[in-house]
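S.K.: Here it is, the structure, as structure tokens.
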Amino acid sequence: MSSNAVLDVFEKYQKARVQFVQKVAELATRPQNIDALQGAGVMRLLRPLLLDVVPSIQQSAAMALGRLANHSDDLAEDVVANEILPQLVYSLGDQNRFYKKAATYVLRSVAKHSPELAQAVVDSGALYSLTTCLEDFDPGVKESAAWAIGYIASHNQALAHNVVDAGAVPLLVLCIQEPELTLKRVCASALSDICKHTAELAQAVVDAGAVPYLAPMVQHEDFKLKRQVCACLAQIAKHEVDLAEVVVEAEIF
Numbered sequence: 005m006s007s008n009a010v011l012d013v014f015e016k017y018q019k020a021r022v023q024f025v026q027k028v029a030e031l032a033t034r035p036q037n038i039d040a041l042q043g044a045g046v047m048r049l050l051r052p053l054l055l056d057v058v059p060s061i062q063q064s065a066a067m068a069l070g071r072l073a074n075h076s077d078d079l080a081e082d083v084v085a086n087e088i089l090p091q092l093v094y095s096l097g098d099q100n101r102f103y104k105k106a107a108t109y110v111l112r113s114v115a116k117h118s119p120e121l122a123q124a125v126v127d128s129g130a131l132y133s134l135t136t137c138l139e140d141f142d143p144g145v146k147e148s149a150a151w152a153i154g155y156i157a158s159h160n161q162a163l164a165h166n167v168v169d170a171g172a173v174p175l176l177v178l179c180i181q182e183p184e185l186t187l188k189r190v191c192a193s194a195l196s197d198i199c200k201h202t203a204e205l206a207q208a209v210v211d212a213g214a215v216p217y218l219a220p221m222v223q224h225e226d227f228k229l230k231r232q233v234c235a236c237l238a239q240i241a242k243h244e245v246d247l248a249e250v251v252v253e254a255e256i257f
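For the sequence shown, this note's numbering assigns the number 5 to the initial residue and increments by one for each residue that follows.
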């Protein structure tokens, strides 16, 4: 068999993988297909493709998994049970921005459903990787990471403390200063999700210097950003008089 014939076998195999993972990602967008995909063992088939030698296959596999996990807590639990989270976390540091956005989408799609699933994301070591993604040059990567961090922090006090301990708050404050509106919104929401639980957590947000950057945005023309900013300031102010005074002194009125 000639070398061309050998290469042809590998090219056909690669095309088949590309076609498979792209089709699964497309099918996962439709709720009526989810049960059939789950019954066919789609998680076990997608998992090895996260480590494929072809970057586009890795990205499509992560996107498909994110769409599946986003659909229901049962499917998110399947992602955890198939030990997919450690693979995503392992790959996050070395991959390009397209993979990072897809992988952080999976993490947030799992974390959003319940405290237990959010804890599984934390236990996989994802918080460190997500925090690192807040320093990425690409605004889309930052936004997706901030979204995942916000979902984790939103569930309870302990998870919010994990986010603070990972060093995410100062980086969220930096991100809220970026020009992209959607990034500002998501970061304001994430900060709100952190400080809503206790005065201690609200103080951590204040100590990171968030209020002087949030306060001027109360007058922003974008109503969605304004809503997130007002919610965050309210979550800070509600806990005790000292924190309320910090908000008032920022001249929000």
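Note that CB positions come from ideal geometry on N, CA and C, so glycine has one too.
1. Among the candidates 111, 133 and 7, whose CA atom is the shortest distance from the CA of residue 124?
2. Do the CB positions of residue 93 and residue 130 come within less than 8 Å of each other?
3. Quick one, are the C-beta atoms of residue 117 and residue 164 less than 8 Å apart?
4. Please name the residue, chosen from 172, 24, 173 and 62, that lies closest to residue 88 on a Cα-to-Cα basis.
5. Rounding to the nearest angstrom, what Cα-Cα distance links residue 65 and residue 192 in this structure?
6. As an exercise, report each continuous alpha helix (DSSP H) stretch of at least 4 residues that is fully enclosed by the stretch 36–89, in chain order.
7. Are the beta-carbon atoms belonging to residue 40 and residue 67 less than 8 Å from one another?
8. In whole angstroms, give me the CA-to-CA distance for residue 221 and residue 42.
9. Between 21, 206 and 151, which has its C-alpha nearest residue 54's C-alpha?
10. Just mark residue 154 as buried or exposed, buried being the case when its beta carbon has 16 or more other beta carbons within 10 Å.
11. Give the DSSP-derived three-state secondary structure of residue 138 in the structure shown.
12. Just verifying my parser: in three-state terms, what is the DSSP assignment at residue 108?
13. Using the three-state DSSP reduction, which class does residue 216 fall into: helix, strand or coil?
14. Can you tell me which of 182, 177, 184 and 8 puts its alpha carbon nearest to the alpha carbon of residue 236?
M.R.: Considering the structure as presented:
1. Residue 124 sits at position 120 when you count from the first residue of the sequence shown. Checked all of 111, 133 and 7; the closest Cα to residue 124 is 111.
2. Taking the sequence shown and counting its residues from 1, one reaches residue 93 at position 89. Taking the sequence shown and counting its residues from 1, one reaches residue 130 at position 126. In this structure, residue 130 lies closer than 8 Å to residue 93 by Cβ.
3. Taking the sequence shown and counting its residues from 1, the one referred to as residue 117 is at position 113. Taking the sequence shown and counting its residues from 1, the one referred to as residue 164 is at position 160. Contact flag unset, no.
4. Your numbering for residue 88 matches position 84 in the sequence shown. Closest by alpha carbon: 62.
5. Numbered from its first residue, the sequence shown carries residue 65 at position 61. Numbered from its first residue, the sequence shown carries residue 192 at position 188. Taking C-alpha positions only, residue 65 is separated from residue 192 by approximately 30 Å.
6. 38–43, 46–50, 59–75 and 77–85
7. Indexing the sequence shown from 1 puts residue 40 at position 36. Indexing the sequence shown from 1 puts residue 67 at position 63. No, the pair does not count as a contact, with Cβ atoms beyond the cut-off.
8. Sequence index remark: in the sequence shown, residue 221 carries index 217 (1-based). Sequence index remark: in the sequence shown, residue 42 carries index 38 (1-based). Rounded to whole angstroms, residue 221 to residue 42 spans 44 Å at the Cα level.
9. In the sequence shown, the residue the question calls residue 54 occupies position 50. Of the candidates 21, 206 and 151, the one whose C-alpha sits nearest the C-alpha of residue 54 is 21.
10. As a first step, residue 154 is located in the sequence shown; it is residue number 150 there, counting from the start. Under this definition residue 154 is a buried residue.
11. Locating residue 138 in the sequence shown gives position 134, where the first residue counts as 1. It is coil, neither helix nor strand.
12. As a working note, residue 108 is residue 104 in the sequence shown. Three-state result, residue 108: helix.
13. Looking up residue 216 in the sequence shown gives position 212. Helix at residue 216.
14. Position 232 of the sequence shown, counted from the start, is the residue given in the question as residue 236. Closest by alpha carbon: 177.
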